[in-house]
Amino acid sequence: MNVLLKKLVPSAIVPQYQTDGAAAADLYACVSEPVTVAVGGSALIPTGIAISIPKDTVALIFARSGLAVKKGISLSNSVGVIDSDYRGEIKVALVNNGNEPFVVNSGDRIAQIGFFPVFQAAFTETDSLDETERGSGGFGHTGER
1062 MNVLLKKLVP
1072 SAIVPQYQTD
1082 GAAAADLYAC
1092 VSEPVTVAVG
1102 GSALIPTGIA
1112 ISIPKDTVAL
1122 IFARSGLAVK
1132 KGISLSNSVG
1142 VIDSDYRGEI
1152 KVALVNNGNE
1162 PFVVNSGDRI
1172 AQIGFFPVFQ
1182 AAFTETDSLD
1192 ETERGSGGFG
1202 HTGER
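Numbering-wise, this note's numbering comes out as the position in the sequence shown, counting from 1, plus 1061.
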């Protein structure tokens, strides 16, 4: 799949896959000065890029597992959704669940972006749904182990 990318800032870094088997490419911060994300705080970090995603495709933004495990840094919205018709700058909403302030510098790898097919549903109202073994059981209905 080809994704057109526009650098909005000359110093912006094009997303990069770190290995041949990587499912998502790293996104890089593009900030004019360091941004400190306080403990318990959040910050919207620009990447300096905009992309054109093919129709019937979504770009999903994920936390970097190393930052999450080692520093407590994740995304404030868990997973970011970039629709195929969005053409603005990609920004990453970081949250600091760690024990120390986290400083983001320009060029830091802050998140990952992956691309996935999209299927839009047609919703049909009904008075009943088919029965399943699970039924309406949810949120731990099968036990803890």
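By construction, the Cβ of each residue, glycine as well, lies at the ideal position given by its N, Cα and C atoms.
Between the C-alpha atoms of Asn1160 and Ser1197 there is a straight-line separation of about 39 Å.
For the pair Ile1106 and Ile1171, the CB atoms are nearer than the 8 Å cut-off. For the pair Val1156 and Thr1193, the Cα-to-Cα distance works out to about 39 Å. Judged by DSSP secondary structure, Gly1127 falls within the alpha helix (DSSP H) whose first and last residues are Ser1126 to Lys1132. Nearest to Ile1174 by alpha-carbon distance, out of Ala1104, Lys1152, Asp1117 and Val1092, is Lys1152. Between Ile1122 and Val1064, the C-beta spacing is not below 8 Å. Assignment of Val1153 by DSSP, reduced to helix, strand and coil, places it in the strand class.
Gly1196 sits in coil when the DSSP states are folded into three classes, being neither helix nor strand. Around the beta-carbon of Leu1190, fewer than 16 other beta-carbon atoms lie within 10 Å, marking it exposed. Excluding sequence positions up to five before and after Val1092, its CB lies within less than 8 Å of the CB of Ile1106, Pro1107, Val1165, Asn1166 and Ser1167, all in the same chain and listed in chain order. Rounded to whole angstroms, the separation of the alpha carbons of Gln1077 and Ala1086 is 5 Å. Between Leu1066 and Ile1112, the gap from beta carbon to beta carbon is short of 8 Å.
For Phe1163, the beta-bridge partners assigned by DSSP are Val1098.
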